[in-house]
Every structure is written in structure tokens, then in C-alpha cells.
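Residue numbers (our numbering), protein chains in the order written: chain A, 1 to 465; chain B, 466 to 930. Even glycine gets a Cβ: it sits at the ideal position worked out from N, Cα and C. Note that the coordinates shown come from a computational prediction; the quantities given were computed from them, not determined experimentally. Structure record follows, encoded as C-alpha cells.
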């Protein structure tokens, strides 16, 4: 029996097992695996052990592999046959801190079911979505295959790490040191979202990042504006002029060479995005805005996912307390970040930005830079055959075409899967925009959990063909 | 013996008393009378009591008059005779905060003498110049008259307030409520500077001030730039654009109607200013700058004294700590001040500024303003006879013609002396550009203190004729 032939029975098994699946997820959610706080190191180890033991129960051979921080769970299972790809599944067992605790309606590590006013059933707990709930959709799909067919549908290496929420610091070296072991055919990640509650999606690009802090120094001390105002360079004014110059009236970034390596989307993909009919009111309305502030000739979804951006993340200078102080500060500072796409070169962008700023600094002022981030964007080739299989499988489960989207943020290790292991990643996830990931009262829709599990069963069957 | 006849002996007395004068000043400087910080209210009261007691010792009748804030010291002395004017001397006993404290070479309230590399002897302390040192030049001149002649040379009312450094908020009402008491013949103020170390000056105009805080709100919460970057309005970017728009490429302020009421200087006065030969390198070099940042077709001395300006005094928004945070803030704030000249109307300027900002705020953002200052400019008539007497007296002391200048800053109450009391003010002061007023290591030249005291003795004698 091929995995595809087994699929109907596997899906039935998932449906029948739902309550047991939830019980296993709840046990996982009760473990307080906050990775960033050393006080929770024991709980992080407990979460690793829990998931390792669970994977052992469905035919995987798990190991807790040490790193400089929390251990990585590596578990192998399935057999190579019929040219099916060997896939690497990546997820994480660690969760974000829970503060402010008083904003949780119930304790964050006491998972519970609840019902929203619109009737949706939800799982509420820290990690319900990010990433324990999402990881378990994949694990439960594997479990159903094992139960129905006696084996996994294809060779799978699980990599469940414990430091995603604090930057995956130790995972980079771990992957690099064990490149031969993890250089497989394809990576799968379940840590992204759906387009909306009805429309599945595959994340095919991650924007890169260049993050710079700019310090503009004018006079060698703070000045009294009554004495020097009008004649002395004001670093806030100099910065404002530079910042205003960075976008033209159409919202386009004016730094020379900035758009080098930014390709237009294929026409069919762009048509897909336009077909979603996302309006600025819908997207921005949830945060009290309505007018898109990016490039004027672009869809809102392009502005946030497939186009590069320049944002000011922080600014400081002069007197900012209560009341009036007529000071002209000696120095002012701004933090600027660029989200990159396509083949934009982060080093070239950083250098072009520095040159752009320097060209606008008066000769009697000086500027210094600190670089805090420098990562290229990542793009899954649209012609990767696994992408087509995943989209078809998702469409069969949800009854709607699966859109391909770009993610504005980044999942750090996925870049290394490409650059270090030369392996593409298919990112499929079932989070919704209202899941309050990283916030109090984090939740995961029961529908996301259940149909997410079914989705993975379908994707695994398709990939095994 | 007339005051003029007594003058030589008075000047000798000042010279002989210099060390004792310094001792009294040092005692005054040791009092930590930081008016803006409520923690120092007791020290402010102590400073008021110190100066009241000192004035009592030289024949004044002092009172500590309560206000809604720190008390005002009012002290009357001298007798009306021979048509000599009754003068009101205004100064302040409060000082600026001392932060950043770590940039002081010695504690700010432990006054000391020091010698600069060029040989100048200086008094170092917070308030050494602004305004305790300057106030004491006048007090010591009175003391010398009292010692030599047994009385003050003319009727004097002292008004030494304690809130100049935080806007003189309560003094306005106090002066208005007691208008009959303070409506005298002439006001004298010692809170301004010399043209340079050799050239005395009388300040004949004060720039007015409009001070506004602008809060720009975009989204109703801070946003993750990975999710919303590119589409959501960034309030720092909106502010930067507005701020950059406020000056054109020639440094001229672009707010419509801003220059209404700004007259060109009379040709002879402008020629006098040009004749001073002040270069940008000279003026700005002392603070590490060299390029004038104001209107391109104006002398530096015009930019700082006779032309209106717009300055950014403080800005804040988003993440300003160490490192990187990819936030798009919901709100950003900037403090903007305008120095006014001639007949510019502060209310019209404020309204025009509000309209200028509002016209540039995207429809889904909002802006709010706080007004912290609103005072018109002030001009002393060049034909006031006391101005001529003061200039002659100064020329006799310093051996150089006393120039008439405009002050870039403003002394809030002087406007009310004119508008409420219909009284002209002669502003004579001995501060130098390198006194680091409001900054760490504030100093006052010993020469300024000593010859300043002698200058006041000469001016008082001249006015008493």
C-alpha cells in the first residue's frame, strides 16, 4: 500500500484520534520551556525529553544532542524507498516568556479549550500555536501513518530545537558542524501562518535584514539655542533631512542601487496575490490605520512581504522630558532597518546607506554607524516540484487554492538550510493573525490544529510519490 | 558728594574688596538652587535667604515674597533725589540642572578658581556666570557705594527671582499683580553677554519664543516591522518629513507667513554688525563647528540675533536602547522652538506651525500639540537716554565703544516689563561665549566679574546724574 493509497484511512485515524492528540499536546504545553530565562533550563530539558519520548513511541530513533545552550532533539525515522525524498522537519520546543502575567485570563501553562464569540474553538496556552501546537500537527500526522501503515511514509529527520525564541544562537554552529548529517533533500517547517482562517498558504520567501544605528554629531557639546540657534548645525535637523530624503513622494527608497537584485514577481504569482483582494483597510484596520505607507504602485501584501523596505525603529536626541528646554543637542541618533528581498546584497545595501548618509552630513559634523543585523533574503524557487505538491495537498484539504506568500519577518535557521546545506525549505503553517503569538492569552484554533494535522498527512503522502 | 564725584573712590574700593567679593560669591554658588527639580526647593529658598540677607547688610530692606513656586526676593534701597531715576534691577538666584554630572571636572557646587591655558583666571561652578556671578557684579557695585558714601547712589528696587531657568512661570502674575509697585523709571538686567572679552555691549533686542511639543500618533500600538513594515505609517518617518520641509535649501523657514513682521535692519546698524568682522569660524569654532547653518544670505551675527529661527530641541520615538529591536512605534515626539524678532506675532506663528504640520499628517494618523512658550520679541528704542549713558560708562571702563546687539535667547520677564509696566530695560552683562552656560564646567572670567562690578558702579553714577 503506497502512502497515497493509505491516505483516506490515515485521515480517518486523525479524526478519530483528535481527543487523544489534544491530550498529548496539552501535556507538552504544561512544560514551562521558556528558553531565554536560565531559571527554566530544567523545564527546557523536560520539553526536549517529552518530545523525544513521544517520537520514540511512533518509530523514530531520538537523541538529545547537546549544544552550548538547550539541547536539540534529533530523531530519524522511515525508510528510503521508491525515490521518495528524505525530509528534514524543523520546529522548536521552546516558548516566549509570559509577562505581563496579569494579562493572562488563565495561567499560561495550564492549557484549556475555549470558545470565541464567533463560535471558533481554541486552545489557550503559551506555545499553543508558537510552536508546540504547530510541531504537533506534523507529529500527529506521522503517528497516524505509523498506526495505519506500520511505518512512516518517507524518511524523516526531526530537528526540534530549544532556542528559537532567543535567536537560535547555538543551532547555527550545530548545523554547520553536522552538515553532512542534515544535508537532506528538502526541509519542512511548521512555524508560519495561513492567509486567513479558510485559505492555506506556503511561505516561499523570507525578507532579509540590515539594521543600522546612526549617530550624528554636530557641536562638541549641547548648546543654548538662544546663543547658537540659527547658526550652529542642529543634528536633529540634519538627521531629519537625511531621513526624509530616503523615500521619494511615491514611497520608493532613494538610496542608489537599493533595488538592485529586486525582481518583479512572476505574473501568475502577482495575479494570485491581487486575487486575494486584501485591502489596506482590512490589513491596517486591525491596528487603527488605513492608508498604505509603502510604494504607491504596489499591493499592500507586496509592501509587507515581497518588496524591500526602510523603517525607522527608534530616534533620540536633545531634551525629551516634560516641558521646555531650549537646547541644541550635540548629538542625535536614529535606528534604521531595511527588510531585503530577492538577491539584494546586505553588504552593498549597508555600504550604500552609509554613503547616502555621509553625502548629506555637513562638513563640520560627523557620523558613526553601528551594524546590528545583516542577513540576505531567502527565496524558494517557484519551480521546486515539492512546492507544487504541497500546494495541491493543501488545496485538497481546505477546498481553496493555497497561496504563496512572503514573510516579512524571518526564521533564522532557514537561511542556513539554504546557504550552508544548499537545501530548499517548504514553510507551511496554520497560525492565524489573531493568535496573539508572543503575547498574553496565546491561542491556536482547534480547526488549525486538526486540519493542520490532516494537511501534513496529505503533504507527506504527496511528497512520498 | 555726588555719585560721580564719589566714583573714583568707589572703584578703588571695588578693587580692594575683590577677594572678599569672591568669597561672598562662592558662598552663594555653594547653594544648590536648581529650580526645575522639586527636590531642590529647600536649596532655592536658602539661595533667596542668602541674597536677602546680603542685601540687608548694605542698606536694602529685603522681603521674600511668596509665589506659586520659589519666592522672589524684593529689596528696596536708596533715596529719591535730584531727579535720579528709580531703577528696578532684575536677576535670578536659580540655576540650571547639572547633568551630565560625570562631565564636570570638579563638583558643580564646589566653586573654585582656575587658570585657562591662555592665562585667563576663571571662576568654575554651576551659576558662576548664569546668573549668580552676574547678579553679584551689581550687588558688589552697590556695596562699594554704600561703603564709600554711606548710601546707594539712587533709588533701587531689587527683584531677584528663583524660576528663570524653568520659564519664570509665576513671576508674570506676580509682576502683573504688583504693577504699581514695580512700574518704575527703568529696568536694569545683568544676564547677557559681552561682544567678546574686550568689547562691552548693551543688548537692545531680545528674540521672542514659541515652543511647541508635537506628538504624532500612527498605529494604536507598537508594531513588528516584519509584519507591518512597508505598509503601516511610521510616525518617525512622518515627523522627519515634516521637519525636513520646515527649511528650504537656503536655510529659510518655509512656514507660510513666518516672516511677516520681520523688518530688514537699518543700513547703518547692519553696517556696524558687518564691521565687527565676525566669521563663522570664530563664532562656531569654539564649539567644534565652522559652517553657518542658518539663512545663507545672512551674517552669522544676524542668524543668531536679528533673524528668526526654527530649532528642534528634542526628539524621541521607538526603541532607543542598546542593540536592535524591529519595532515600528505607534507614536513619536519632537520639541520645536522658534525664536522671533521684530513684530512677528507668536500666536500667528504657533497657528501657522500647527497648520503646516497638520497639512502633512496622513489621514490615518493624528497629531497633538503642547505649547510651552509664547513671547514676542522686544526692541529697546535706540533714543532712550539711559542707553547712551550706559554705553558711555561702559566705554570708559573697557576703553572700547560698547556695541548694541540683539540677544538670541530671551529673558522672559523683560517682555512684561515693557508690555505690562511700560518700562524700558537696559541689559548689560559680562558673559563670554565660552562660559559654558547651561553646560558642565560653567565658568565666569574673573575679569568679567571684576570689571563688571566696576562697570555697574560707573553706570549707576551716570544714571544718578
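Compare the C-beta of residue i against all C-beta atoms of chain A and say whether one is closer than 8 angstroms.
i              : result
residue 582(B) : no
residue 633(B) : no
residue 676(B) : yes
residue 916(B) : no
residue 752(B) : yes
residue 923(B) : no
residue 629(B) : no
residue 555(B) : no
residue 503(B) : no
To the nearest angstrom, report how far apart residue i and residue j are at their CA atoms.
i              : j              : result
residue 316(A) : residue 239(A) : 10 angstroms
residue 53(A)  : residue 121(A) : 29 angstroms
residue 553(B) : residue 921(B) : 14 angstroms
residue 259(A) : residue 566(B) : 47 angstroms
residue 460(A) : residue 354(A) : 47 angstroms
residue 630(B) : residue 675(B) : 16 angstroms
residue 214(A) : residue 110(A) : 44 angstroms
residue 748(B) : residue 212(A) : 34 angstroms
residue 440(A) : residue 175(A) : 32 angstroms
residue 841(B) : residue 811(B) : 6 angstroms
residue 160(A) : residue 93(A)  : 6 angstroms
residue 686(B) : residue 521(B) : 59 angstroms
residue 25(A)  : residue 447(A) : 14 angstroms
residue 429(B) : residue 599(B) : Because residue 429(B) is not part of the residues shown, which for chain B are 466 to 930, the question remains open.
residue 514(B) : residue 506(B) : 12 angstroms
residue 681(B) : residue 831(B) : 6 angstroms
With DSSP as the reference, identify every bridge partner of residue i, one or two as the case may be.
i              : result
residue 496(B) : BP columns for residue 496(B) are empty, so no partner.
residue 336(A) : 212(A), 312(A)
residue 538(B) : 529(B), 625(B)
residue 819(B) : According to DSSP, which records beta bridges pairwise, residue 819(B) is partnered with nothing at all.
residue 318(A) : 779(B)
residue 113(A) : 123(A)
residue 793(B) : 688(B)
residue 182(A) : Note: residue 182(A) sits in no beta bridge, so no partner.
residue 307(A) : Answer is none; residue 307(A) lacks a bridge partner.
Here's the rule: buried if 16 or more other CB atoms are within 10 angstroms of the residue's CB, otherwise exposed. What is residue i?
i              : result
residue 665(B) : buried
residue 116(A) : exposed
residue 445(A) : buried
residue 399(A) : exposed
residue 307(A) : buried
residue 309(A) : buried
residue 769(B) : buried
residue 169(A) : exposed
residue 578(B) : exposed
residue 234(A) : buried
Quick one: what does DSSP say residue i is sitting in, helix, strand or coil?
i              : result
residue 483(A) : Since the displayed chain A opens at 1 and closes at 465, residue 483(A) lies outside it and no answer follows.
residue 845(B) : coil
residue 720(B) : coil
residue 425(A) : strand
residue 78(A)  : coil
residue 812(B) : helix
residue 551(B) : coil
residue 835(B) : strand
residue 447(B) : Shown here, chain B extends from 466 to 930; a query on residue 447(B) therefore has no answer.
residue 667(B) : strand
residue 597(B) : helix
residue 24(A)  : helix
residue 919(B) : helix
residue 289(A) : coil
Answer yes or no: the CB of residue i versus the heavy atoms of the ligand GTP, is any distance below 7 angstroms?
i              : result
residue 756(B) : Among the components modelled here there is no ligand, and therefore nothing to report on the ligand GTP.
Compare the C-beta of residue i with all C-beta atoms of chain B and state if any pair is closer than 8 angstroms.
i              : result
residue 250(A) : no
residue 312(A) : yes
residue 315(A) : yes
residue 292(A) : yes
residue 319(A) : yes
residue 234(A) : yes
Does the beta carbon of residue i come closer than 8 angstroms to any beta carbon on chain E?
i              : result
residue 261(A) : Going by chain labels, chain E is absent from the structure shown, which instead holds the protein chains A and B.
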